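Colleague: Protein chains in written order, with the working numbering: chain A, 376 to 528; chain B, 51 to 781.
1) Just curious, the alpha helix (DSSP H) that residue 473/B is in, first and last residue?
2) Would you list, in chain order, the members of the segment 713-735 of chain B that have their beta-carbon closer than 9 Å to a beta-carbon of chain A?
3) Just to make sure I have the definition right: I need the residues of chain A whose C-beta is within less than 9 Å of the C-beta of residue 795/B. Which are they?
4) Mind listing the chain A neighbours of residue 331/B? Cutoff is C-beta to C-beta under 7 Å, in chain order.
5) If I measure Cβ to Cβ from residue 340/B and keep anything under 6 Å in the same chain, skipping five residues before and after, which residues do I get?
6) Do the segment 205-214 of chain B and the segment 450-462 of chain B make contact, defined as three or more Cβ pairs closer than 8 Å?
7) Count Cβ pairs between the segment 406-424 of chain A and the segment 480-493 of chain A that sit closer than 8 Å; are there 3 or more?
8) Hey, out of 517/B, 284/B and 501/B, whose CA is closest to residue 328/B's CA?
9) Which residues of chain B have a Cβ atom closer than 7 Å to the Cβ of residue 426/A, listed in chain order?
10) Tell me whether residue 186/B is buried or exposed, calling it buried when 16 or more other Cβ atoms sit within 10 Å of its Cβ.
11) Taking residue 345/B as the reference, give the member of 304/B, 138/B, 167/B and 370/B with the closest Cα.
12) Find the residues of chain A that neighbour residue 278/B, judging by a C-beta separation of less than 9 Å, and give them in chain order.
13) Terminal residues of the continuous beta strand (DSSP E) containing residue 784/B?
14) Within the segment 438-526 of chain A, note down every full alpha helix (DSSP H) run reaching 4 residues or more, in order along the chain.
15) Using only CA atoms, which one of 646/B, 724/B and 662/B lies nearest to residue 655/B?
16) If we define contact as Cβ-Cβ less than 8 Å, is residue 415/A a contact residue for chain B?
17) Do you know how far the Cα of residue 512/B is from the Cα of residue 386/B?
18) Thinking C-alpha only, which one of 244/B, 114/B, 383/B and 692/B is nearest residue 533/A?
19) For residue 749/B, count neighbouring C-beta atoms within 10 Å of its own C-beta (all shown protein chains included) and say buried if the count is 16 or more, exposed if not.
20) Using a beta-carbon distance cut-off of less than 7 Å, what residues from the segment 478-498 of chain B approach chain A?
21) With a threshold of 8 Å between beta-carbons, can residue 568/B be considered close to chain A, or not?
22) Strictly by DSSP, which residues pair up with residue 640/B?
23) When you compare the CB positions of residue 196/B and residue 155/B, do they come within less than 8 Å of one another, or not?
24) Determine the burial state of residue 485/A: buried for a count of at least 16 other Cβ atoms within 10 Å of its Cβ, exposed for fewer.
25) For residue 768/B, count the other beta carbons within 10 Å of its own beta carbon; 16 or more makes it buried, fewer makes it exposed. Which is it?
26) Could you give the residue range of the alpha helix (DSSP H) that holds residue 593/B?
27) At a Cβ threshold of 8 Å, is residue 422/A touching chain B?
28) Would a check of beta-carbon distances place residue 448/A closer than 8 Å to chain B?
29) Considering only residues of the same chain and omitting the five flanking positions on each side of residue 233/B, which have a CB-CB separation below 7 Å?
30) Flag this pair as yes or no: are the beta carbons of residue 505/A and residue 451/A separated by less than 8 Å?
31) Could you check what DSSP says for residue 329/B in three-state terms: helix, strand or coil?
32) Would you say the segment 331-338 of chain B touches the segment 674-690 of chain B, given that touching needs at least three Cβ pairs under 8 Å?
33) Chain C beta carbons: is any one of them nearer than 8 Å to that of residue 376/A?
34) Do residue 459/B and the ligand GDP come close, with the Cβ less than 7 Å from some heavy atom?
35) Taking contact to mean at least 3 C-beta pairs separated by less than 8 Å, is the segment 665-678 of chain B in contact with the segment 736-752 of chain B?
36) Assign residue 77/B to one of three DSSP states: helix, strand, or coil.
Structure follows, in structure tokens:
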């Protein structure tokens, strides 16, 4: 069925089954492939996007649930916090294979948008849902602190 | 061209060149490094927009654009280990380029040009060897390119080449200067020197410094392209229904309901299962769910994990092992021992569980097969695709993509997922490009796995308190048996079964290492650090227990036994010193140590734990590494951090189990990799070295698990002999 979505500030119309997960709609129908598939059951966080500003797992979100809502992906995220996260990720060379990092950065951005000075425990809480098989966790933690510091400055 | 190995390209005979050749059964074969001009017909993909149309290929590895970019052709797969930074660093150094002008591009599959410097004419990534085998090859290629640029400047300016200098990407003489880009076209016409002059390592300005990763930008804005992101006009998506047990076959199937699912276009039988092809992933999955299949599993593997372990144990207890190493007279030494110790160790099957499940895009046309995938063995996959399609290998073009992790998984000798994609594209008559997608469940259930193993270790201590004998028997499935590489098995011993065990570095006069080759239908494969994953665990845990049982300090005791191995000693000393070895830690805390060599690199790790009841907290890991010349220290640090995190994940919790031949754990709710709150602080320290660079992708893994159980023993007095640790401390 035809559905109208708002993705990265733009209105798009897609013709898909309404139970098709947002993840695959973004990737196959909207053409935004930065959001990744990892597990399909909301266990790894590789598909993390923002829906109305809150982090969500696109792999278990039926597309019909986001009609009328605002979806933001790694390609379109542009808040001050998002830029601080991206810069910190680059300054510390967080990435290895890079596959999970879109989701990591979307979770980190959402954390900083709600908590500008997270503690290690806050980071654990917010980032626990994002797996990284390359185990870049130490740098993810450091990069979130660095991004927070840069926002404060 | 393939009959003589140029010694310049064998940077490190001690780095197990013999082992590499053994592994692929190609002893005696070599390959010719390409420093000549690249031919157009096999030019790399020009996907990098920075490499403009006027770009000049100075050889197979170095292209200089009119826009002054330097593109390094990467013959290896990037799966996170950093080859797209490490290899350009070597080129930039010898070229005297500026780091900001460096770019990377993946090479096409071409065994002759892009073969492996240790493996022979096989293009592959593995054995933590990308930098090591490229070291002299890229230094020579870059130095030749530099000489060509200098030659072009010399003739443009009418001055002797010897008077020209190059620095920071600028070629200059007196008051004249030119960029690489300005000289590139003319340089391409200069004859490359046969033996270009290489820098004295003392003059290195980039190697050994921190350079930003070249892949960071694309991997932080969603633009890095992985196989799953590839799209071709008219492309269809395929998923495959595979047998639920290894070795089962299709008895019959009914595709009618699957074909009724909107979007499903084809249901085709292929040798590995039934492919459901559709206009989207979602439709393909729904189509597969609607398939009605009867599987015949009379020839399938039916054993569960406990039965397999019992069979492995039975072999060690009742059968004679094959000899992998025998020094002195072990039996006599045991007979004369003052005390002896015997321990049994068990390690499980492990999944690679890469974040990006297996995937591959195939497009067939009349006389070509184009493949987009992230593969560790491009030319093996090229041969497999040629075999399936009936094309010549050179008609199969492989477009290497970033891989979302691999850890050995994308180096399957049977090219499993690539073959599935090619078979499916062929089965639909090549009428559309096909993207094969594996779900997480497919990835967990369809293989491959790090093999399970069972070990018995015995040690003898003489009257003076010295270890007089060591006996290690292991039961494990061979990785090479039944693959095209099985010719490398010598006298029945697959070196990957005993690596890290038969080269035990400790000075023990009477030593026996034996192997029992176990068989099953469960597909096994190299997993980050291969045989070292199990052999480092059992040997380093056992030597620790022997030392403590003899009343010795485990660090000091290792040190004494390593008198003949100064590089082992140096990393052991550095890790001990930086960790504060010997200090009091307080209640419930423990510190453990381990040292291991793999892939030519020495790593020692000291793990600090706090144990409260059954709960283990890993507080810190101090790692000391000697990998020869450290090309990119920060990338090496990242590989040690990642190797330690992945090894910790496996040690704490990872286990693939079978019930009546069926895999139990099929997603991350049951197979649970390490998460951020469990990641310890990791410190990495380097032993300075002038040796040629050796591997870093895998060597951080092996010492972690033994250092961890040694730390737990120090904290609690309880020694663990089985991985994963799971809830063993709770009992």
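For each residue, glycine too, the CB sits at the ideal point set by N, CA and C.
From a predicted model like this one, the values you see are computed outputs, not experimental measurements.
Modeller: In brief:
1) 466-477
2) 717, 718, 719, 722, 723, 724, 725, 726, 727, 728, 729, 730, 731 and 732
3) Since the first and last residues shown for chain B are 51 and 781, residue 795/B lies out of range.
4) 399 and 403
5) 307, 308 and 311
6) no
7) yes
8) 284/B
9) In chain order: nothing, as chain B lies at least about 17 Å away.
10) buried
11) 304/B
12) 402, 408, 411, 412 and 474
13) Residue 784/B falls outside the range modelled here, since chain B spans only 51 to 781, and no answer is possible.
14) 455-466, 476-489 and 495-502
15) 646/B
16) yes
17) 7 Å
18) The requested residue 533/A does not occur in the structure, where chain A is confined to residues 376 to 528.
19) buried
20) 489 and 490
21) no
22) 659/B
23) no
24) buried
25) exposed
26) 582-599
27) no
28) yes
29) 199, 202, 203 and 221
30) no
31) coil
32) no
33) Among the chains of the structure shown, chain C does not appear; the protein chains present are A and B.
34) As presented, the structure is devoid of all ligands, the ligand GDP included, so that no description of it is given.
35) yes
36) A caution first: residue 77/B carries a pLDDT of 32, below 50, which makes its placement in the model unreliable, though a value can still be read off. Looking at residue 77/B - three-state DSSP - the assignment turns out to be coil, as it is neither helix nor strand.
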